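Numbering (our numbering), first residue to last: 116 to 384.
This is the structure:
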């Protein structure tokens with residue numbers, strides 16, 4: 116028993132060491148190890164929960180996205196990230212974002228309790244990897260959250276039958292409209308902008324087919340200016356076209372550049 120206790124304490128010390136210096140794991144540049152370590156930590160946390168832990172975790176879940184929405188609107192995380200590795204006091208953060216200092220302290224303490232930000236001192240707040248990683252949450256808050264909150268009502272009213280029709284769905288109930296998602300978004304430009312921002316952040320850093328395929332040596336071999344090389348069907352705002360053009364700028368001509376330049380002016384300059 117004593118030996119087992121010592122082993123667990125030694126494991127805790129190692130885990131805390133990685134938390135204090137995550138680069139000890141990330142500098143290995145092995146994404147498989149990183150994901151396994153992250154998943155093992157998540158499962159370990161759940162395995163250690165007692166009844167009250169689980170109840171508190173679940174009851175607080177609905178708060179996370181609305182309060183993340185607040186930090187987007189008031190640029191709280193952006194302000195901390197701009198501090199370039201240093202920390203800000205509560206009053207400094209409140210002044211920079213236009214939030215009442217008393218309320219700001221409550222918000223910062225909440226964010227720190229979920230490790231969304233760092234708090235190395237009693238009144239010292241800074242950015243961590245989560246602060247920088249969090250994407251725009253307004254898409255989720257404005258569109259996804261109302262949909263998710265109506266799922267119990269929808270299933271209850273439909274007799275808990277697996278939905279097979281595109282309408283009605285929780286989407287229509289939660290957002291109080293009869294249109295499918297994308298037709299709805301055409302008349303709601305703010306939601307469309309938030310959706311695009313979220314999708315862009317979601318893809319950031321991810322590998323694409325161009326990382327595995329030598330497009331120029333393979334598909335583009337033995338072609339001329341009249342050859343159609345790539346047709347982006349259902350490609351949203353054309354990010355696949357832009358990615359291909361950036362990787363091989365001398366290879367292709369975009370047939371409808373005005374559409375892409377409207378969405379990606381900097382990337383197609």
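Just so you know, even glycine gets a beta-carbon here, dropped at the ideal spot from N, CA and C. Values in this document were obtained by computation on a predicted structure and should not be read as measured data.
DSSP three-state assignment for residue 316, whether helix, strand or coil: Three-state result, residue 316: helix.
If contact is defined by three or more beta carbon pairs under 8 Å, each pair taking one atom from either stretch, is the stretch 229-242 in contact with the stretch 156-170? As far as the Cβ criterion goes, the stretch 156-170 does not touch the stretch 229-242, which means the pair count is below three.
In this structure, how does DSSP classify residue 134 when only helix, strand and coil are distinguished? helix
Residue 361, DSSP secondary structure in three states: helix
Environment of residue 317 [buried if 16+ CB atoms lie within 10 Å]: exposed
CA-CA distance, residue 327 and residue 248? Roughly 25 Å between the two C-alpha positions.
Spatial neighbours of residue 373 in its chain, beta-carbon cut-off 6 Å, leaving aside the 5 residues before and after: Any reading at residue 373 must be qualified, since the residue scores a pLDDT of 46, below 50, and its modelled position is unreliable; the value itself is stated next. Here the set comprises nothing.
Tell me whether residue 266 is buried or exposed, calling it buried when 16 or more other Cβ atoms sit within 10 Å of its Cβ. exposed
Using CA atoms only, rank isn't needed, just tell me which of 238, 366, 345 and 165 is closest to residue 224. 238
On a Cα-Cα basis, can you pick out the residue from 285, 280, 273 and 272 that is closest to residue 264? 285
Taking its Cβ as the centre, do 16 or more other Cβ atoms sit within 10 Å of residue 169, making it buried, or is it exposed? exposed
At a cut of 8 Å, does the stretch 210-222 reach the stretch 288-305 through at least three beta carbon pairs? no
Mind checking if residue 312 is an interface residue toward chain C, Cβ cutoff 8 Å exclusive? Among the chains in the structure shown there is no chain C, since it carries only a single protein chain.
Report the rounded CA-to-CA distance for residue 152 versus residue 146, giving the unit in angstroms. Approximately 10 Å, taken between the alpha carbons.
Could you name each continuous alpha helix (DSSP H) segment of 4 residues or more that falls completely within the stretch 137-179, going from the start of the chain to the end? 138-141 and 146-162
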